[in-house]
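Numbering (the numbering used here), first residue to last: 1 to 177.
A virtual CB, placed ideally from N, CA and C, is assigned to each residue, including glycine.
Okay, structure first, notes after.
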Amino acid sequence: MGTTISHRLRLRSAALLAVLALVAGLSTACSTTALSPAGQGVAEAAATHGHGSSDNGNSGKITAAQLELRLAMRSLWAQHMEWTRLAVADFASGSAGFATTAGRLLQNQTDIGNAIKPFYGEAAGNQLATLLKTHITGFVALFQAAKAGDQAALASATTAVYGNAQDIADFLAAANP
Numbered sequence: 001m002g003t004t005i006s007h008r009l010r011l012r013s014a015a016l017l018a019v020l021a022l023v024a025g026l027s028t029a030c031s032t033t034a035l036s037p038a039g040q041g042v043a044e045a046a047a048t049h050g051h052g053s054s055d056n057g058n059s060g061k062i063t064a065a066q067l068e069l070r071l072a073m074r075s076l077w078a079q080h081m082e083w084t085r086l087a088v089a090d091f092a093s094g095s096a097g098f099a100t101t102a103g104r105l106l107q108n109q110t111d112i113g114n115a116i117k118p119f120y121g122e123a124a125g126n127q128l129a130t131l132l133k134t135h136i137t138g139f140v141a142l143f144q145a146a147k148a149g150d151q152a153a154l155a156s157a158t159t160a161v162y163g164n165a166q167d168i169a170d171f172l173a174a175a176n177p
């Protein structure tokens, strides 16, 4: 019994770390520091510190559209973390509110996909939303299997979660070589 609980805790910890790594990676990819130490705005800080693209004709400064995307992504990923935390807490406690919270978390994935459409196109936005929804539902399956002590389902869900993580990484690498 102790080994099963320990195994579940390790899997839950690994799952949580995977989620945090994904969020941190996407957050880093989509944002810069809001203010530099000198109090500069995002565009100026990006230009000063070499984070802006030099091929956009703005001498390394980001455009207003790029800034808007970065700020939107910050907000969307902050919401993602908030809804994920609440969904995990609701799931762990067996709260009747889990379905509603999970539904809102899944909507957040659609919102993230929609946010990239102006830059990457309709198909890419839809693909990212689908990958992120699969990410969420995959972890639900993993947590359900862990909670039930179903080792076969847990192994299958773990494999699926890792596969989805690779799919997300491949999508992001192709979008931003």
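inquiry  = Out of F139, F171, F119, R74, which one is the CA nearest neighbour of L106?
reply    = The count along the sequence shown starts at 1 and reaches residue 106 at position 106. The residue with the shortest Cα to Cα distance from L106 is F139.
task = Out of L132, H80, G113, T84, point me to the one whose CA is closest to V161's CA.
result = Here residue 161 corresponds to residue number 161 of the sequence shown, with the count starting at 1. The shortest C-alpha separation from V161 is found at L132.
key: Sufficient close CB pairs (3 or more, under 8 Å) joining the segment 99-113 to the segment 75-91   = Taking 8 Å as the limit for Cβ pairs, the verdict is that the segment 75-91 does touch the segment 99-113.
query = Taking 7 Å as the cut-off, is the CB of G94 close to at least one heavy atom of the ligand ZN?
reply = As for the ligand ZN, it is missing from this structure, which has no ligand bound.
inquiry  = For L67 and Y120, I'd like the C-alpha separation in whole angstroms.
reply    = For the purposes of this step, residue 67 is identified with residue 67 of the sequence shown, where counting begins at 1. For the purposes of this step, residue 120 is identified with residue 120 of the sequence shown, where counting begins at 1. In this structure, the straight-line span from the alpha carbon of L67 to that of Y120 is close to 15 Å.
A141 versus K61 - alpha carbon distance = Residue 141 sits at position 141 when you count from the first residue of the sequence shown. Residue 61 sits at position 61 when you count from the first residue of the sequence shown. About 43 Å.
query = Secondary structure at P177, three-state DSSP: helix, strand or coil?
reply = Within the sequence shown, the letter at position 177 stands for residue 177. If DSSP states are grouped into helix, strand and coil, P177 belongs with coil.
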